[in-house]
Every structure is written in structure tokens, then in C-alpha cells.
Amino acid sequence: MSEQQTEDRKTAAPPAPPTPPAPPEFKYTWGQHNETMEALSLGQMARRVPSALRQTARLALAVNRTAFHVLVAAQILGGICTAAALTAISRAMVPLLTGDGIEERISAAAWPLVVAAAMTALGTLASLTSGSAARRLNPGMATLADLAMVDAHMDVELAAYDAPDFTERSEAAETGSARSAMLLQDALGFTGGLIDMAAVASVLAVVHPVLLPLLLLSVVPRGLGSVHAARLDYRLHNQTIASRNIKHMMRWHLTTPKLADELRGNSMRPYAHHWYAAVCERIDSRMVGSAPRYLTVHLIAATASGVFVVATYGALAGLVVGGYMAIAAAGTAIVAMRTSTAALSQLVVYGAAMFQHALYLGDYTAFVAEAAEKSGPRGPQVMEAAPEKIRLEEATYTYPGKDTPSLGPVSLTLSRGEVIAVVGENGAGKSTLIRLLTSLTAPTSGVVSWDGVPTSDADQRSAWRHVGLVTQSYGYWPFSARENITLGQPGPRGEEAVWDALDAVGMREAVQGFPDGLDTLLARSIWGGHEPSGGQWQRLACGRAFHRRPGLLVMDEPTSAMDPRGEHMVFSGLRDMKDDRITVIVTHRMENCRLADRIIVLDAGRITEQGGYEELVRLDGSFAELVRLSQDR
Ligand SMILES: Nc1ncnc2c1ncn2[C@@H]1O[C@H](COP(=O)(O)OP(=O)(O)OP(=O)(O)O)[C@@H](O)[C@H]1O
Numbered sequence: 002m003s004e005q006q007t008e009d010r011k012t013a014a015p016p017a018p019p020t021p022p023a024p025p026e027f028k029y030t031w032g033q034h035n036e037t038m039e040a041l042s043l044g045q046m047a048r049r050v051p052s053a054l055r056q057t058a059r060l061a062l063a064v065n066r067t068a069f070h071v072l073v074a075a076q077i078l079g080g081i082c083t084a085a086a087l088t089a090i091s092r093a094m095v096p097l098l099t100g101d102g103i104e105e106r107i108s109a110a111a112w113p114l115v116v117a118a119a120m121t122a123l124g125t126l127a128s129l130t131s132g133s134a135a136r137r138l139n140p141g142m143a144t145l146a147d148l149a150m151v152d153a154h155m156d157v158e159l160a161a162y163d164a165p166d167f168t169e170r171s172e173a174a175e176t177g178s179a180r181s182a183m184l185l186q187d188a189l190g191f192t193g194g195l196i197d198m199a200a201v202a203s204v205l206a207v208v209h210p211v212l213l214p215l216l217l218l219s220v221v222p223r224g225l226g227s228v229h230a231a232r233l234d235y236r237l238h239n240q241t242i243a244s245r246n247i248k249h250m251m252r253w254h255l256t257t258p259k260l261a262d263e264l265r266g267n268s269m270r271p272y273a274h275h276w277y278a279a280v281c282e283r284i285d286s287r288m289v290g291s292a293p294r295y296l297t298v299h300l301i302a303a304t305a306s307g308v309f310v311v312a313t314y315g316a317l318a319g320l321v322v323g324g325y326m327a328i329a330a331a332g333t334a335i336v337a338m339r340t341s342t343a344a345l346s347q348l349v350v351y352g353a354a355m356f357q358h359a360l361y362l363g364d365y366t367a368f369v370a371e372a373a374e375k376s377g378p379r380g381p382q383v384m385e386a387a388p389e390k391i392r393l394e395e396a397t398y399t400y401p402g403k404d405t406p407s408l409g410p411v412s413l414t415l416s417r418g419e420v421i422a423v424v425g426e427n428g429a430g431k432s433t434l435i436r437l438l439t440s441l442t443a444p445t446s447g448v449v450s451w452d453g454v455p456t457s458d459a460d461q462r463s464a465w466r467h468v469g470l471v472t473q474s475y476g477y478w479p480f481s482a483r484e485n486i487t488l489g490q491p492g493p494r495g496e497e498a499v500w501d502a503l504d505a506v507g508m509r510e511a512v513q514g515f516p517d518g519l520d521t522l523l524a525r526s527i528w529g530g531h532e533p534s535g536g537q538w539q540r541l542a543c544g545r546a547f548h549r550r551p552g553l554l555v556m557d558e559p560t561s562a563m564d565p566r567g568e569h570m571v572f573s574g575l576r577d578m579k580d581d582r583i584t585v586i587v588t589h590r591m592e593n594c595r596l597a598d599r600i601i602v603l604d605a606g607r608i609t610e611q612g613g614y615e616e617l618v619r620l621d622g623s624f625a626e627l628v629r630l631s632q633d634r
């Protein structure tokens, strides 16, 4: 290469990268729910507020009955104080406005004014008491709703997780759950406003009957405006929920230390930033785009409300001038109407908030209720003992939303003492088969039975007690090293069994070297934690499966991240333990199949071959081809 060429290569600017494509438009797929919301009338929606109040009361009662009762009593007392203060003021008005001398006027009005002041002070005390009770109830209510969400996710059948709209519905329900932290404060504001309005209305009705409808008319436009704005909010929430969901997921990918190396090593930053910023921008533009609509709604509502307020004061003046109302009564009406303005704005602001909560809580309660429906035992049978035989008879599994089965029909029998290797190309159905064998899912047709008991008729949790499972993507649980082995289920042999499991995967020295041995927290991001290496995490995952000493041991690519020593230890361990259990290994490393008594070859969801290693190689079918490919380097 000439000197000139070398110089050119040094100075030539790299070609500008092509503009990355925009991220696809994400859709919220729970269409039926959207349609229901779109079709809902304002009246129907307003009727949701009582249900939100009921739900608030139920949650609060479940957290602390006494605090809830104190809160309700204080609220009612507050309303009584407002009414009593207003009545006392109306009593004071007559001598103040129509009495003779100044001294007589003041002395006649003194007692009613003292009562009004005392009632106002008592009302303030009542409001402080209810506020303090709410503060005691709030954290517990938020936790209760949060726990219900977490439990719903942990309990629900896997088939529900597989449904295409599960994530979006879960996200919508999360919003409802998060709102339970604000629920009580807003319910308090709403009911406080409602009680004060009722108190004012009762006083006004006595002063003059026409004032009441006029007052109510001034409320209606603002109320309708706020409710309409809340519906716009909910629509906006629905339009952006899929994008927000993906955004959160991507945010985790971009900020977790687990993917930091991959992101940097592959120069992903520019595209990742472009992608994330584009989704943020899409969400923002929807929100900004909706601002003029909100302004219009609130402007119309405020104008109409103002007209009614002016009309109310006009009517009051007309009644006094026309001699239909005493000046003292008009004075009371003005005080009452000023009180009602505060109560009214409280009612409208918190009413709209409660209405919004009601919409989101609807998502939350629907999600939790549906999850509960899909969480119960599949049937009454209890799998008391580990299976001697697992039998699949023409079993198939079709994922929700799919037309064709991903597995089956498959017929197969597995017996205790056997080691079975399952092989097949990517997407052949190996993980799906594992889910059926372990009763993680029930077949969509055909039968999977444990010692004659169909898994679709049995309590799945009773079956899982006999299962030890190492999945392809196992958890890096932020527990101590000990709990990473026991998973909070210590065996009768206690710590000795934990060390045995660690020995079986060659982790004794490593754990002894951790800062606090078995008590070391395995999470580097938490102070005092320690992060094992990728292969060590996989050894721990195998260790916990061994520790369970399960009747059905299933390992999906259990040694993919391990060094040869670790892999050798795991497979030796499997061989030593095999007599007391059914062992199933999914592997892409054909050499590992030599340990199996029987190899099952899956292709496009069907069993195409089965037999011993040598037998299948001699058969010269797809297994033999996979072996040849694995050796051809
Ligand atoms: N949750 C799901 N929802 C819909 N389809 C799924 C789901 N999980 C798997 N599938 C589909 O089922 C088929 C079988 O998948 P499965 O994970 O059982 O294959 P596998 O043999 O374990 O693949 P691999 O070797 O890549 O792990 C694939 O076509 C896959 O796309």
C-alpha cells in the first residue's frame, strides 16, 4: 500500500450511518375494553364513583377498621359543624342587620357568633382527625393493592401469561393499583365536599327554596366538564399504554448492568437512544396534542358555571329588592354561598379524581378478579406422591391466540429411574413439552397423566411440590446464597443438605469465598452484595434443583454457561441420583445425550424418533444428522 493510500485511509470520514427506522407503532390490544369505554355515557361513568368509594372503604376496612371508623365519624362531624356554624350565623344575622343600637345588636348576636366560632373550630379539629386517620390508612391500602397485583401474577395459570394482551392489561391494572395510594385522600376530599354541600344546601333550603336549585345549577357545568376531561384522560392513557409499556421495558434494557457490556460492545447506544427518544416523543406528542381539547372543555364548563353564579346573585338581589326575602336571610345566603363555593370546588376537583380512579380501579379489579379465576386448582385431585409414570396420550398444546398447536399430538410414557434427553431444532416444542410434563400447563387436547391422574384434573400446586426445574432463563434471585439453594424451603437436613447441593455443582469453595459465606446476598447492586459469574449462577440454579431432590427433575440446557468441570459434575450428579426420579434433560449438545437411557427427537411439535444414542445414530435419521452437524467444525 502506497503512503498516499495509507494517508487517505487515515483521513477519509466514515460514511454517515443510514437513518435508523422509526420504532413500530405499538397498539393496546385489549380492544373489547376500549370499545366499552368509548361507548360509556357520562351518566354511566358518573355512577362509577360510588363503586370507587365502596372499594376505598373495603380496602381501608381491611387495613385498619378503627382508623376507618374514626375517619368516617370525623367526616360526619365536620359536616354537622358546617351546618351548625351556618345556622348560628343565620341566627346572628337577624339582630346584627335589623337590631336597634350597636350594643344591643352585638349582645344579641354574641352567643350565636360564639357558637359559630366553636363549631368552626370543632370542624377544623374533625378535619385534622380524618386527615390523620387517612395518613395511617394510606400506606397499608397501597401495600394491599400492590400485594394483590404481585400475588395475581404469581398465581395465575401460565396460559393467561401467554395471552397476547396480558402485559398491557397488567400495565393498565398497575395504574389502578398505584392509584390506591391516592384513593383515600381523594375520597376524603370528595366526601368532605359532598357533606359540606349537603350542609349548605339544607341551610339554604330553609332560607329560601329558590336558592338551592340555582346553586346546584352552578355546580353542574363544572362537574360535567371535569368528568369529560377525565374521560379524555382515560382515552389518552389507553392510546399511549402500549408505547409506555414498551418504553418501560426498553428502559430496563438500557439501564441494567446485565446488558451494559452487550450495549457498549455492539455500539448500540446511538440506535438505542434514537429508539427510546422516538417512543418518548410519540407519547409526549399525544399528550401535548390533547391539551387544546382539555382547554376547550374547561373553558366551556367555567363559562357556563360563571353564568349560573351571576344568575344566583342576581336572583338573590331580585328577591331582596322585590321584598320576597329579608335582608338578614340574604346575608346568610351570601355566607352560605361562599362556603358552598369552597365545598363545590372541593367536590368537583375530588369528584373528577375519584371518577378517574374509578376507571383505573375498574382495570385493576377486573385484572385481579380474572387472575383469581385462572389461579385456582385445575381439579380436586391432589398429587400426594411423586410420579412413578408420566403418560402423554395424544396430548397437544396450542398457545393462546395461535391457530395451530406448537406441540403434538404426542404420545409418550416416562418411568421412574429413566433419564430422557429431549432434542430438536429451535422452536421444535421442547420447552412446551416440559411445561406439559411438569404440569406447568395443562394440554389443550389429549391427556397428560401422573400415575393415571390427568394433570388437567389435579391441583397443579400439589404436582409442583414434586418438581425440580432448571429453565433456560433462570432467575438471578437477590436472596442470600443459602436461600438461592433452598428457595426459602429448607429440607429436614438443613444446612448440610445445602452444602451437599453446592458440592454437587462444585460451588463449595466459591461460596466459602463469598464475603459472608452462605449468608452473602447475591446482588451486586445492593450494598454488601456479591455478584457470582454467569456460570456460577447456572451452577446455583442446578444446585437448587438437586437440593429439592424432586421426583421429577427437569433441566433445560442446564450447562450452557458452564465450564467442562461444572458440566461434568452436573451430569455425574444426575446419573447418581437417577434411580429415585424421572429425569428429563433438554440439550443441544448431542454428546450429553449419551448419558440418557432414551432420546426423544422433536420436530415441528411431533416426536419423529426415539431410542438410545447408538440406535438413533444407526437409524441415520434427523438425530444422526444433528450429531454429524455438531461434530462438523
Ligand atoms: N408464549 C408463547 N406464545 C406463543 N407461542 C409460543 C410461546 N412460547 C413458544 N411459542 C411457540 O411455540 C413453538 C415451540 O416453542 P418452544 O419454546 O417449545 O421451542 P423449543 O424447542 O424449546 O425451542 P428452543 O430450542 O429455541 O428453546 C415455537 O414456534 C414458538 O414460537
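Heads up: the sequence shown at position 240 corresponds to 241 in the working numbering, and the numbers run straight through without jumps.
Don't be surprised by glycine CBs; every beta carbon is placed ideally from N, CA and C.
All values reported here derive from a predicted model rather than from experimental measurement.
Proximity of the stretch 442 to 455 to the stretch 529 to 544 falls short of the contact definition, fewer than three beta-carbon pairs being nearer than 8 Å.
Nearest C-alpha to glycine 428 among Pro493, Ile196, Leu603, Gly612: Leu603. Leucine 393: member of the beta strand (DSSP E) spanning 390 to 398, first to last residue.
Residue environment analysis places aspartate 197 among the buried positions, since at least 16 neighbouring C-beta atoms fall within 10 angstroms of its C-beta. The DSSP-derived three-state label of arginine 466 is coil. Cβ-Cβ distances below 8 Å link methionine 183 to Ala354, His358 in the same chain, with the five nearest sequence neighbours on each side left out; the list follows chain order.
Inter-segment contact for the stretch 394 to 409 and the stretch 572 to 585 is absent: fewer than three beta-carbon pairs are separated by less than 8 Å. Sequence-distant Cβ neighbours of isoleucine 77 in its own chain, meaning closer than 8 Å and more than five residues away, are Ile196. When rounded, the separation of the alpha-carbon atoms in threonine 445 and valine 411 is 12 Å. Taking a cut-off of 8 Å for Cβ pairs, the stretch 137 to 144 and the stretch 326 to 333 do not touch, as fewer than three such pairs fall below it. Trp465 is the residue among Trp465, Thr297, Asp364, Trp253 whose C-alpha sits nearest the C-alpha of glutamate 158. Secondary structure note for proline 25: it is in no beta strand (DSSP E), with a DSSP letter that is neither H nor E. Assignment of beta-bridge partners to serine 450 by DSSP yields Arg392, Pro455. Shortest gap from the CB of aspartate 163 to any heavy atom of ligand 1: under 7 Å.
Restricting attention to Gly530, Gln56, Ala546, Ser623, the CA atom closest to the CA of valine 506 is found in Ala546. Judged by beta-carbon spacing, valine 424 lies beyond the 8 Å limit of isoleucine 608, meaning their Cβ atoms are not closer than that value. Counting the other Cβ atoms within 10 Å of the Cβ of threonine 521 gives 16 or more, which makes it buried. Those residues placing their Cβ nearer than 5 Å to any heavy atom of ligand 1 are, following chain order, Asp163, Tyr400, Ser407, Asn427, Gly428, Ala429, Gly430, Lys431, Ser432, Thr433. The alpha-carbon of phenylalanine 309 is positioned some 27 Å away from that of isoleucine 81. Counting every other CB atom within 10 Å of its CB across the protein chains shown gives proline 551 a total of 16 or more, marking it as buried. Scanning its chain for C-beta atoms nearer than 6 Å, with the 5 sequence neighbours on each side dropped, one finds around threonine 472 the residues Asp557, in chain order. Cβ neighbours of alanine 344 within its own chain (closer than 7 Å, five residues either side excluded): Gly194, Asp197, Met198, Val201.
A distance below 6 Å between beta-carbons, with the five flanking residues on each side excluded, links methionine 94 to the following residues of its chain, in chain order: Ala329, Gly332, Thr333. For tyrosine 272, the CB contacts under 7 Å within the same chain, skipping 5 residues up- and downstream, are Pro21 in chain order. In this structure, glycine 190 sits away from valine 298, with a CB-CB distance that is not shorter than 8 Å.
Within the DSSP secondary-structure output, serine 416 pairs in a beta bridge with Lys390. Of the residues Ala173, Val420, His70, Leu300, the one whose Cα lies closest to the Cα of leucine 237 is Ala173.
Counting along the chain, glutamate 610 sits inside no alpha helix (DSSP H); it lies in the beta strand (DSSP E) bounded by residues 607 to 612. Out of Arg106, Leu212, Asp501, the CA that lies nearest to the CA of arginine 339 is found in Leu212.
Contact check for leucine 408 against leucine 437 passes: the beta carbons are separated by less than 8 Å. Taking the CA atoms as reference points, phenylalanine 368 sits about 24 Å from serine 440. The three-state reading of DSSP puts proline 410 in strand, counting E and B together. Within the same chain, and ignoring the five residues on either side of serine 463 in sequence, the residues whose Cβ sits closer than 6 Å to its Cβ are Val383, Met384. Distance from the CA atom of serine 346 to the CA atom of glycine 352, rounded to whole angstroms, is 9 Å. Contact annotation, valine 555 with valine 448: C-beta distance approximately 19 Å; criterion of less than 8 Å not satisfied.
Here methionine 155 is exposed. Its C-beta has fewer than 16 other C-beta atoms within 10 Å.
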